[in-house]
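Peer 1: Can you keep this structure in mind? I'll have questions shortly.
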Amino acid sequence: MRYSNCFIPTLRDVPADAEVISHQLLLRAGYIRRVTSGVYDYLPLALRVLRKIEAVIREEMNRAGAQELLMPMVQPGELWEKSERMEKYGPELLRFTDRHSHESCLGPTHEEVICDLVARELRSYKQLPMNLYQIQSKFRDEIRPRFGLMRGREFIMKDAYSFHADADCLAAEYDKMFATYQRIFTRFGLKFRPVEADTGSIGGSDSHEFHVLADSGEDLIAHCADCDYAANVEKAISVRPCISATPAALSVVETPGVSSVEDVAGFLSVDIGQLVKTLIYRIQGGAQDGAIVAACVAGDDQLQEIKLAHVAGADSVEMATDDDIASIGGVTGFVGPQQLSVRVLVDNRLHGATGLIAGANRRDAHVAGLDFGRDVPEAEFVDLRETRAGDRCSRCGGEMQLSRGIEVGQVFALGKRYTEPMEVLFQDRQGKRSVATMGCYGIGVSRLMAAIVEQCNDEAGISWPLALAPFQVGLISMGRSDAVRQTSEAIYRQFLEAGIDVLWDERNERPGVKFKDFELIGLPFQVVVGDRGLKEGAVEIGWRQQSRSSVPVADVVRVALSELEQARSSEAVN
RNA sequence: CGGGGCAUAGCGCAGCCUGGUAGCGCAUCUGGUUUGGGACCAGAGGGUCGGGUGUUCGAAUCACCCUGCCCCGACCA
Numbered sequence: 003m004r005y006s007n008c009f010i011p012t013l014r015d016v017p018a019d020a021e022v023i024s025h026q027l028l029l030r031a032g033y034i035r036r037v038t039s040g041v042y043d044y045l046p047l048a049l050r051v052l053r054k055i056e057a058v059i060r061e062e063m064n065r066a067g068a069q070e071l072l073m074p075m076v077q078p079g080e081l082w083e084k085s086e087r088m089e090k091y092g093p094e095l096l097r098f099t100d101r102h103s104h105e106s107c108l109g110p111t112h113e114e115v116i117c118d119l120v121a122r123e124l125r126s127y128k129q130l131p132m133n134l135y136q137i138q139s140k141f142r143d144e145i146r147p148r149f150g151l152m153r154g155r156e157f158i159m160k161d162a163y164s165f166h167a168d169a170d171c172l173a174a175e176y177d178k179m180f181a182t183y184q185r186i187f188t189r190f191g192l193k194f195r196p197v198e199a200d201t202g203s204i205g206g207s208d209s210h211e212f213h214v215l216a217d218s219g220e221d222l223i224a225h226c227a228d229c230d231y232a233a234n235v236e237k238a239i240s241v242r243p244c245i246s247a248t249p250a251a252l253s254v255v256e257t258p259g260v261s262s263v264e265d266v267a268g269f270l271s272v273d274i275g276q277l278v279k280t281l282i283y284r285i286q287g288g289a290q291d292g293a294i295v296a297a298c299v300a301g302d303d304q305l306q307e308i309k310l311a312h313v314a315g316a317d318s319v320e321m322a323t324d325d326d327i328a329s330i331g332g333v334t335g336f337v338g339p340q341q342l343s344v345r346v347l348v349d350n351r352l353h354g355a356t357g358l359i360a361g362a363n364r365r366d367a368h369v370a371g372l373d374f375g376r377d378v379p380e381a382e383f384v385d386l387r388e389t390r391a392g393d394r395c396s397r398c399g400g401e402m403q404l405s406r407g408i409e410v411g412q413v414f415a416l417g418k419r420y421t422e423p424m425e426v427l428f429q430d431r432q433g434k435r436s437v438a439t440m441g442c443y444g445i446g447v448s449r450l451m452a453a454i455v456e457q458c459n460d461e462a463g464i465s466w467p468l469a470l471a472p473f474q475v476g477l478i479s480m481g482r483s484d485a486v487r488q489t490s491e492a493i494y495r496q497f498l499e500a501g502i503d504v505l506w507d508e509r510n511e512r513p514g515v516k517f518k519d520f521e522l523i524g525l526p527f528q529v530v531v532g533d534r535g536l537k538e539g540a541v542e543i544g545w546r547q548q549s550r551s552s553v554p555v556a557d558v559v560r561v562a563l564s565e566l567e568q569a570r571s572s573e574a575v576n
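Numbering (the working numbering), first residue to last: 3 to 576.
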């Protein structure tokens, strides 16, 4: 492309409302523009990058035996009624009614539609397994879109769905997809990590997320320094000894006006880990919808609400109100686990601990010498605490560390969560009707583009991996002499003939402007044609942000191509 | 939805406290000089000061309401 024909609206200043680097650079370099909250235009440069990302994903998915199809964005409400997600999915599902009063929604994901399709066509086990995928726009009415492409409401996703005759076959496909994802993210040159994950609103049993490591990431992941255990903190299990004091009889201590764990520990001069935090929650969804539960963790731990929701059989939990707390025999600020009229779930770390301090369920008082086994016999021990840096690994005893990550992919072994209600049935080898087993596998394509920018940037702008850059070569004409113009054009044509994406900057701009723009938008390789070099019959070539070398005009394209080829093969990991 | 902040030209900002008819840098357009790392000179265009109501002789400025955006929390690719 000739630069003067391109729509590349670059900005010198950083837009004030862009917080993270990927958002700033994609805006500044003319890749994206906001249309409305969480919804963006992908400008020509962005589309070029997206197409290249998609090409890699397609290649790997196809290699793994998956087939591409395309499903609609508009989906009928009845499908969601059938899977029982019409209610469960909540306000994130954008619903609307058409002129015939049919309930419809914009697809946030496609389990319903694909199950409906497969259920209609699937007859025999001989048709299985099968893995179908698409790359398509999704819409989720996020509570708080932010960070540009990192959390949009409309975004591009690659979503794959596999169907199987049995659990073993699903397990094999899950492993294959896991390996495929490793290959994909490796090909993008990313520092990433697969971690065990919660299944969230999608449901199912096993799940792994793929996180690109970045400080701007919204997720916290825990990983062992010594073994390969890694998990989202929503799920990570780790070990830390409990601080327990010498056993003692249960006694009441007056703690006037002192209620937070920090204050109580200070007031009584004890380690904060010796206290018990008793948190009261109201359950949402599930069989116990609306019920209240008590959850206890050590004073120096944080409760992980997602874990609580799971053990309580809930979709989610929310902090109880003061009235709720009073209704079960507690006193806000002084709640303790004893004699509450609800289920008491206690974190495993407190199992066997003695001499603990907890609220007394009476204003201005705590109890000391608490021993769950003796004083709260109905307590159920479960994993509730959030992993902290420095915990011991639950597998090998190594040290746990925390990192921030951007979730760019997730794989799920769904089992029959959708195929059962959606009636995805087939005749098995014995001639019996059987429910198919399912897996699903997503990659956030537009988010991935942002995640790559988070990892690939410097002072000057974006530094795309060669394989993803919108143009691999930036050809800069310096000066307006006929010699420069003609030589540039000849080189430009040769690159085009060689099938190289080249952006030729033939604008009547000063060199500085051209260099800055190319570095901002992130073109990896530069070819510079100027009168100074042409006097010696040479032009300069070189990688972005590195020094350039002179090459005779006649050899430029050949040398450049071989440099590009070399870089390509060292970048590619097969 | 709860908590915090912001809204003035395409982008970045000043002006507001102490009301008096809107300004700076960059970008854009015209002419000229420049052309090896975001040029210079001269001129020009572009703003219902987010919207509404009120106070006032007079509101970007003061008051109230609304809307939008950004950040922190719950959600997720």
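The beta-carbon is built from N, C-alpha and C at its ideal position, and this holds for glycine as well. As the structure is a computational prediction, the values presented were derived from the model and not from experiment.
State buried or exposed for P379, treating a residue as buried only when at least 16 other CB atoms are found within 10 Å of its CB.
Peer 2: Label assigned to P379: exposed.
Peer 1: Closest to E198 by CA distance: which of K537, A415, L498, Q568 is it?
Peer 2: Among K537, A415, L498, Q568, the Cα nearest to that of E198 belongs to A415.
Peer 1: Going along the chain, which unbroken runs of the beta strand (DSSP E) with 3 or more residues stay wholly within the region 263-317?
Peer 2: Listed in chain order, they are 278-286, 294-300.
Peer 1: Assign L372 to buried or exposed, taking buried as 16 or more other Cβ atoms, counted over all protein chains shown, within 10 Å of its Cβ.
Peer 2: The residue in question, L372, is buried, as its Cβ has 16 or more Cβ neighbours within 10 Å.
Peer 1: Suppose only complete runs of 3+ residues qualify. What are the beta strand (DSSP E) ranges in the region 447-534, listed by chain order?
Peer 2: Counting whole runs of 3 or more residues, the region 447-534 contains the beta strand (DSSP E) stretches 475-480, 504-507, 527-532.
Peer 1: Going by the CB atoms, is the gap between M451 and V531 shorter than 8 Å?
Peer 2: In this structure, M451 does not lie closer than 8 Å to V531 by Cβ.
Peer 1: According to the neighbour-count rule (16 or more other Cβ atoms, all chains shown, within 10 Å of its Cβ), is L151 buried or exposed?
Peer 2: Buried, because 16 or more other Cβ atoms sit within 10 Å of the Cβ of L151.
Peer 1: Since D43 sits in a beta bridge, which residues does DSSP pair it with?
Peer 2: Note: D43 sits in a beta bridge opposite R35.
Peer 1: With DSSP run on the structure shown, which of helix, strand or coil describes F194?
Peer 2: Looking at F194 - three-state DSSP - the assignment turns out to be strand.
Peer 1: Which same chain residues, not among the five before or five after I454, have their C-beta less than 7 Å away from its C-beta?
Peer 2: F190, L192, L470, listed in sequence order.
Peer 1: Does the separation of the CB atoms of S85 and Y420 fall below 8 Å?
Peer 2: Yes, these two residues count as a Cβ contact at 8 Å.
Peer 1: Can you pull the DSSP bridge partners for W545?
Peer 2: Looking at the DSSP assignment, W545 forms a beta bridge with F527.
Peer 1: Can you pull the DSSP bridge partners for F98?
Peer 2: Its beta-bridge partners are S106.
Peer 1: Beta-carbon within less than 6 Å of Q69's beta-carbon, same chain only, minus the 5 sequence neighbours each way: which residues are those?
Peer 2: Around Q69: L134.
Peer 1: From L72, P74, L95, pick the residue whose C-alpha is nearest to that of E83; which is it?
Peer 2: The residue with the shortest Cα to Cα distance from E83 is L95.
Peer 1: Excluding sequence positions up to five away, which residues of its chain have a Cβ less than 6 Å from the Cβ of M63?
Peer 2: Within the same chain, M63 has close Cβ partners Y135.
Peer 1: Throw me the rounded Cβ distance for the D533 and A485 pair, which I believe falls under 8 Å.
Peer 2: The pair is a contact, with the Cβ atoms about 7 Å apart (cut-off 8 Å).
Peer 1: Give the straight-line distance between the Cα atoms of N576 and R185, rounded to the nearest whole angstrom.
Peer 2: In this predicted model, N576 has a pLDDT of only 43, less than 50, meaning its place in the structure is not dependable; the value taken from the coordinates is given anyway. Whole-angstrom Cα-Cα distance: 8 Å.
Peer 1: Since I believe G476 is in contact with L505 (beta carbons under 8 Å), could you give me their beta-carbon distance rounded to a whole number of angstroms?
Peer 2: Right, their Cβ atoms sit about 5 Å apart.
Peer 1: Take A314 and list the residues in its own chain whose beta-carbon comes closer than 6 Å to its own, dropping the five residues that flank it on each side.
Peer 2: Result list for A314: I285, V295, in chain order.
Peer 1: When DSSP builds the beta bridges, which residues end up paired with V441?
Peer 2: Correcting the residue type first, residue 441 is Gly in the shown sequence and not Val. The partner list for G441 (beta bridge, DSSP) reads S164, A415.
Peer 1: Taking the DSSP output, what are the residues bridged to C395?
Peer 2: Paired residues: S240.
Peer 1: DSSP three-state label for V255, please.
Peer 2: The answer is strand: DSSP assigns V255 an E or B state.
Peer 1: Check whether the Cβ atoms of I116 and M159 sit closer than 8 Å, and answer yes or no.
Peer 2: Not in contact: I116 and M159 (Cβ atoms no closer than 8 Å).
Peer 1: Could you work out which residue in Y42, D519, V348 is closest to D15 when comparing CA atoms only?
Peer 2: When each option's Cα is compared against that of D15, the closest is D519.
Peer 1: Pick out whichever of Q457, E491, G501 has its Cα sitting closest to the Cα of F473.
Peer 2: The candidate whose alpha carbon is nearest that of F473 is G501.
Peer 1: Can you tell me where the alpha helix (DSSP H) with D349 in it begins and where it stops?
Peer 2: Run containing D349: none in the alpha helix (DSSP H); it sits in the beta strand (DSSP E), 345-349.
Peer 1: Return the CA-CA distance between R482 and N510, expressed in angstroms with no decimal places.
Peer 2: Each residue's alpha carbon lies about 8 Å from the other.
Peer 1: Measure the CB-CB distance between C442 and A66 and report whether it falls below 8 Å.
Peer 2: Against a cut-off of 8 Å, the Cβ pair of A66 and C442 comes out as no contact.
Peer 1: So, at 6 Å on beta carbons, what are the nonlocal neighbours of G407 in its own chain, with the 5 sequence-adjacent residues on each side left out?
Peer 2: Same-chain partners within the cutoff: H213, L215, G219, D221, I223.
Peer 1: Tell me, to the nearest whole angstrom, how far the beta carbon of V255 is from that of A360; I am working on the premise that it is less than 8 Å.
Peer 2: The Cβ separation is near 11 Å, so there is no contact.
Peer 1: What did DSSP end up calling M321 once you bin it into helix, strand or coil?
Peer 2: Three-state result, M321: strand.
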